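Visitor:
4 protein chains.
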Amino acid sequence: MSSSLGTLFRISTWGESHGPGVGVVIDGCPPRIPLTVEDIQSELDRRRPGQSKIVTPRKEDDKAEILSGVLDGVTLGTPIGLFVRNTDQRPSAYTEMAQAYRPSHADYTYDAKYGIRAVSGGGRSSARETIGRVAAGAIARKVLQQSLKGYECLAYVKTIQHLEAKVPETLTSELIESNIVRTCDPDAAERMIELIESVRSQGNSVGGVVECVVRGVPAGLGEPVFDKLEADLAKAMMSLPATKGFEIGSGFAGTLMTGLEHNDEFYMDGENVRTRTNRSGGIQGGISNGEEIVFRVAFKPTATVLREQKTVTNTGEDTTLSARGRHDACVLPRAVPMVEAMVHLVVVDHFLRQRALNA
Amino acid sequence: MSSSLGTLFRISTWGESHGPGVGVVIDGCPPRIPLTVEDIQSELDRRRPGQSKIVTPRKEDDKAEILSGVLDGVTLGTPIGLFVRNTDQRPSAYTEMAQAYRPSHADYTYDAKYGIRAVSGGGRSSARETIGRVAAGAIARKVLQQSLKGYECLAYVKTIQHLEAKVPETLTSELIESNIVRTCDPDAAERMIELIESVRSQGNSVGGVVECVVRGVPAGLGEPVFDKLEADLAKAMMSLPATKGFEIGSGFAGTLMTGLEHNDEFYMDGENVRTRTNRSGGIQGGISNGEEIVFRVAFKPTATVLREQKTVTNTGEDTTLSARGRHDACVLPRAVPMVEAMVHLVVVDHFLRQRALNA
Amino acid sequence: MSSSLGTLFRISTWGESHGPGVGVVIDGCPPRIPLTVEDIQSELDRRRPGQSKIVTPRKEDDKAEILSGVLDGVTLGTPIGLFVRNTDQRPSAYTEMAQAYRPSHADYTYDAKYGIRAVSGGGRSSARETIGRVAAGAIARKVLQQSLKGYECLAYVKTIQHLEAKVPETLTSELIESNIVRTCDPDAAERMIELIESVRSQGNSVGGVVECVVRGVPAGLGEPVFDKLEADLAKAMMSLPATKGFEIGSGFAGTLMTGLEHNDEFYMDGENVRTRTNRSGGIQGGISNGEEIVFRVAFKPTATVLREQKTVTNTGEDTTLSARGRHDACVLPRAVPMVEAMVHLVVVDHFLRQRALNA
Amino acid sequence: MSSSLGTLFRISTWGESHGPGVGVVIDGCPPRIPLTVEDIQSELDRRRPGQSKIVTPRKEDDKAEILSGVLDGVTLGTPIGLFVRNTDQRPSAYTEMAQAYRPSHADYTYDAKYGIRAVSGGGRSSARETIGRVAAGAIARKVLQQSLKGYECLAYVKTIQHLEAKVPETLTSELIESNIVRTCDPDAAERMIELIESVRSQGNSVGGVVECVVRGVPAGLGEPVFDKLEADLAKAMMSLPATKGFEIGSGFAGTLMTGLEHNDEFYMDGENVRTRTNRSGGIQGGISNGEEIVFRVAFKPTATVLREQKTVTNTGEDTTLSARGRHDACVLPRAVPMVEAMVHLVVVDHFLRQRALNA
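Chains as they are written, first to last, in full-length UniProt numbering: chain A, 1 to 359; chain B, 1 to 359; chain C, 1 to 359; chain D, 1 to 359.
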């Protein structure tokens, strides 16, 4: 259903931006996994507003409460309920949006679909909805880390508008977290920060590309046909706010190669079947082959810009609208933990499905 | 599940390449929809081998049989079973593939997943699996055409390797079908045909990009959060064989724009809310806005090349493999009806879900 | 999944008996349905402890909080999060249960399944889990009442042990609610109250049968084959705690009749197709026929008895256990609103599915 | 969906009584399970018409064809397609049923739901639909037998109308199959055969109760809350044609006991936790406890009787109808393998779900 994801490790998020809070229920988490609220909070802190000078200055602590499914630091196997109370609400900032549809937001389409919407803060279409995903992703990661030795998911900002990061030979979480953009190239990071600050000062916004490398996924995860691993990753990424594209391995650029150039030759690395190149991006025929899973996600420039734009009212009249309020001039630094969370959620579900099939 | 797709209009495909046949069950098709076997056959003919000089010369008629769910040319509302018998099988062409893993195919990953596989013809990983999808898509289209005035889905080849088609102002199905590449630019078509014939003569292959325009989808389809319309389209496309990327509206190129440039301003067109530009690609916040839905899909160069490649055996020894057999040097002409079928399937499911919600 | 129910109107409950609280997420509720917290609270009050002298004297207010999905008294179409905080917890009453398995409870099976369990109050196996169902059922009823004129679901206690209520010609909600047993026969009610008080004073317990009549369900709801309306009702009822049997229409007694006696003859009642008898219980071939839906559910005597019983410990030693604490000597008065809630949930889901199919 | 069942071991049946045939797709069967068409055929032979003098004399061979998912006698892990062609069709026998609704059949409700139906042979509502279930059940049993030592499911006729079988101490498949009624009491079998022949000679019909004992299910299968093992069994049984009731363990009779009488005391049997009695029917809190699972299913007398009955036409006029054709005067002998098949399907699904959770 619309607010649920997963077959065996299934999450259901709920909550509007300016209601009492947002949350998630995780149904299907295996029992006896060590889990503390800090495991969750540390990931929420990576996505929360106000964490640095280049993200929205809204003051939301986003403190997670575990409401069920965990006892004495260990999962019970029963549904885990998580709740984050909304705090920093300034409905007044949204008064005029009640009538005018914000361009490239979901205001109009929600009205078209439901005939009603929670105007304040974007309601359900707010990126606050992703809190539940990030929290659930933190739990999924715990499950994977306990079962898959070497499992690691590293997302990072690859480009901001025309600025591109160099990806170093040795990619680490520490490197990515060493700068507030969450890119893997400290030099690029400085230029990216400047760019973001510059466009924000103009009331404008920029987008970019997040790249993600997943290590330690054994060969054999993913289902052929519809639930291919890359298909589920694509859906997961395209379900994040502001995403416009997904590509895996060679992606769109791979269409410029010939088959002979593009194919990944197999070779034996001791006991292991490996490929010399990784244009497949770690997945062949929908199933992981044991190589690193590598994909990219395009995020559009933030739709909220603090400049006057033409639009229409919900009663069908042309008008103009100037957004106020505190928004991200670039969503990518905060999108990095969202991408990682979605990876954890997709991989854990396929891991459990494979365990059922082939124990 | 792995071989099923959809919530209300749900399809389940089955069948291996060189077994008795392939098929699909469609569960949830509304009753009293006019449907003949010709409606289905005409779409299967667009995807079948041997249809032109630039596709694989295998001689498969791919004749569809309706086994249930239809009586006197009208759907009953009960599951529709469809069956296409396999005919042109030459298992001998696959003998050596029993042991050597074909590079960038699913041979190795199937073994890793299942510990067994149907070697001949690629078994379940063969593109023959898409027969069921194309057949089901033809039925989905009938449902949509009966309910949504002006519904139309036009996919076409946008690029083959470095060759790009110009998209004309007036795009029609006739134009696309006027050439065997299924592109919208007759001049480009000639060059594309030459390219495909040239790479084939070298035992090599090429890929490219399919673009798709969907018209007549009313505002309001798609679910916020996980089952966003673009997320389901992305999954559907990335579940097709050989796809490496998906982008909607402005896509990856949109990351080079600023928010002010990228936003789609609303205006009133008589009674209708419209946008001046369509960088959103017809979907905002996961929900259709009534504009044309526009997306692109990257298809890699065919993995089967008739040249010697290095690989390994299923017992862990390095070896070489030269594919024989009759294959597509470029899958895109046959991929066009597959893309359209997946669109029909995604849209009809969201159409029915919306009808349940908001009748 | 284990804690979710429904295809289009989908609920997910969460929460342990003695954790922070219990709740439910309802995903798929149509928009623009009037809904207040009182609509929900009034049903929770019918199931809560301490409501009368014949139910457990635990002091739980069970106050519902709406956390999302409702604005200004109207549903938004987005997930509705509901939360009831746990209050009256006396973990000390459960100390010895940590080791000894309570007979005919779920202590042993939870340990066998999960290797861990929340001992206090029964954790997830507590009947407190049904709070989320009753709350969700109240919302389902609102949806149905708005769409189906005359929709009404009346459950009542048919028997307590050997005591049987007479069902009057005119059955009303007021009659059922006129006595604390929730039976439809005031004379029987008195004897039933006496019986319950008597067994309780002996530390013992009794069970019985709830009968349920559903009116105003139009012909055509329910899916043939697996999701037959009676199959989904059976599952819903057998998913309630303490249920041991389900029968519809003529039920087990119907096996004593011949086909000629058992068949429900059709006749025209003005424009309407009706049946003279209703041995079918309002459902034929899995689909409602417009007659009253009538079924019965067997509830076993409460497993918690305040008498010494033989059992084993979780380390495999024979032992004895005497329950203490405050429990229901008979669950049926509180089970009545649970049965009704499950009916609402099953019917609304089939109602929405039918609306999708046949708008 | 309506024609699919299961979460991980998922089946989808299709087919009308008098169309080309009926079939099933099984998605999620583990790989490398030995499987031959005889494994399936032997179960189909137990449900097919014409197998004895007390069942319908229709001449249907019901020969199964495996269309996919199996190679060289072993499952591939991919969807298994099964097909049984319809042969003995006498549409003429159904001419007058095109207009008159057969009492207590699904004719009227199908029309109410779909506005159309396949009249001949009952179309989708025919018991021929259960062919796919029985075939799929045979496969599920193979999976279970390979993984669960001692797994065995024995269903048998407990009563035919007022005649009741004695259940012997030692219950075996051979005993049940030793008589054409499939009861566990040879003396009762004779009287039951007489009764069935007698009612048939009068053009009438009888029903009865099937009891089922499932052995070798380990403790821990089943999900708490909605997907309780008994809830899924109840749904599975109530989804079979002609069923009116389900009870597990003590069932409806258990409501006459007190809690002290009803509770199943635990004791240690060597290393194993066992219960002295089995009023729980092998399931506690929705989860198997390792004891035998015991339940009963009520089957109504066959609706088809060869006597004149009052009914109405599909155009709203009162009429009478006398069924002709060849029907079962009592469905129970053929229902026994159906009950077993549904048990296999429910248990294998929960077995795989548990394996995913707790490998």
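Beta carbons are placed, not taken as given, at the ideal position from N, Cα and C, and that holds for glycine.
Source: prediction; values computed, not measured.
(1) Going by DSSP, what residues sit across from A:Asp27 in a beta bridge?
(2) If you draw a straight line from the C-alpha of D:Cys212 to the C-alpha of D:Leu352, how long is it?
(3) Expressed to the nearest angstrom, what Euclidean distance is found between the alpha-carbon atoms of B:Val225 and A:Arg296?
(4) Can we say the region 115-131 of chain D touches the region 189-196 of chain D, given the rule of at least three CB pairs closer than 8 Å?
(5) Can you confirm whether A:Pro30, when its beta carbon is compared against all beta carbons of chain D, has any partner nearer than 8 Å?
(6) Just the Cα atoms here: how many angstroms apart are D:Thr277 and C:Glu65?
(7) Just to make sure I have the definition right: I need the residues of chain B whose C-beta is within less than 8 Å of the C-beta of C:Arg353. Which are they?
(8) Check each residue of the region 135-166 of chain B: if its Cβ is closer than 8 Å to any Cβ of chain D, include it; give the result in chain order.
(9) Quick check: the region 215-229 of chain B against the region 215-234 of chain A, are there 3 or more CB pairs under 8 Å?
(10) Contact criterion: CB-CB distance below 8 Å. Does B:Arg117 meet it with respect to chain D?
(11) Measure the alpha-carbon distance for A:Gly249 versus A:Val294 and round it to whole angstroms.
(12) Alpha helix (DSSP H) containing B:Arg141: first to last residue?
(13) Applying the criterion that 16 or more other CB atoms from any shown protein chain within 10 Å of the CB defines a buried residue, is C:Asp107 buried or exposed?
(14) In or out: B:Asp27 buried (at least 16 other Cβ within 10 Å) or exposed?
(15) Can you tell me whether A:Pro34 is helix, strand or coil according to DSSP?
(16) Kindly indicate which residue of A:Gly137, A:Leu171 and A:Asp232 has the alpha-carbon position closest to the one of residue 363 of chain A.
(17) Return the bridge partner residues of A:Asn263 from the DSSP annotation.
(18) Using the beta-carbon of each residue, which ones in chain A are nearer than 9 Å to B:Ser17?
(19) Indicate whether C:Asn263 and D:Gln309 have their beta-carbon atoms separated by less than 8 Å.
(20) For chain C, find out if any of its Cβ atoms is closer than 8 Å to the Cβ of B:Gly23; answer yes or no.
(21) Going along the region 214-225 of chain B in order, which residues come within less than 9 Å of chain C, judged by CB to CB distance?
(22) Give me the Cα-Cα distance between D:Gly281 and C:Pro57, rounded to the nearest whole angstrom.
(23) Does DSSP put A:Thr311 in a helix, a strand or coil?
(24) The alpha helix (DSSP H) spanning C:Lys113 covers which residue range?
(25) Using 10 angstroms around the beta-carbon of D:Glu291, count the other beta-carbons present and answer buried if the total reaches 16, otherwise exposed.
(26) Within the 8 Å Cβ cut-off, does D:Gly286 reach chain A?
(27) Expressed to the nearest angstrom, what Euclidean distance is found between the alpha-carbon atoms of B:Gly77 and D:Arg133?
(28) Determine, using beta carbons only, whether C:Ser2 comes closer than 8 Å to chain D.
(29) Tell me which residues share the same chain as B:Ala323 and place their Cβ nearer than 6 Å to its Cβ, disregarding the 5 neighbours each side in the sequence.
(30) Just checking: is the beta-carbon of D:Tyr114 within a distance shorter than 8 Å of some beta-carbon in chain B?
(31) Measuring CB to CB, does A:Thr255 end up less than 8 Å from B:Val331?
(32) Determine the contact status of A:Pro34 and A:Lys142, defining contact as a CB-CB distance below 8 Å.
(33) Please report the straight-line C-alpha distance between A:Cys184 and A:Ala165, rounded to a whole angstrom.
(34) The region 243-261 of chain A: which residues have C-beta closer than 7 Å to a C-beta of chain B, in chain order?
(35) First and last residue of the alpha helix (DSSP H) that includes D:Leu240?
(36) Taking 8 Å as the threshold (beta carbon to beta carbon), is B:Gly77 in contact with chain C?
Guide: Based on what the coordinates show:
(1) A:Arg10
(2) Computed Cα separation, rounded: 22 Å.
(3) 20 Å
(4) The region 115-131 of chain D, when compared against the region 189-196 of chain D, does not touch it at the 8 Å Cβ threshold.
(5) yes
(6) 43 Å
(7) Under the 8 Å cutoff, chain B gives Leu8 and Ala356.
(8) none
(9) no
(10) With a threshold of 8 Å between beta carbons, B:Arg117 makes contact with chain D.
(11) Rounded to whole angstroms, the separation of the alpha carbons of A:Val294 and A:Gly249 is 6 Å.
(12) Bounds of the alpha helix (DSSP H) holding B:Arg141 are Thr130 to Ser147.
(13) buried
(14) buried
(15) Note: A:Pro34 maps to strand in three-state DSSP.
(16) Residue 363 of chain A falls outside the range modelled here, since chain A spans only 1 to 359, and no answer is possible.
(17) Beta-bridge partners of A:Asn263 (DSSP): none assigned.
(18) Residues of chain A passing the Cβ test: none, with the nearest at roughly 12 Å.
(19) yes
(20) Judged by the 8 Å Cβ criterion, B:Gly23 is not in contact with chain C.
(21) Pro224 and Val225
(22) 30 Å
(23) strand
(24) Asp107 to Tyr114
(25) Here D:Glu291 is buried. Its C-beta has 16 or more other C-beta atoms within 10 Å.
(26) no
(27) 20 Å
(28) yes
(29) Thr304 and Leu306
(30) yes
(31) no
(32) yes
(33) Approximately 7 Å, taken between the alpha carbons.
(34) Residues Lys244, Gly245, Phe246, Glu247, Ile248, Gly249, Ser250, Gly251, Phe252, Gly254, Thr255, Leu256, Met257, Thr258, Gly259 and Leu260.
(35) Counting along the chain, D:Leu240 falls outside any alpha helix (DSSP H), and DSSP gives it neither H nor E.
(36) Answer yes: the Cβ-Cβ gap between B:Gly77 and chain C drops below 8 Å somewhere.
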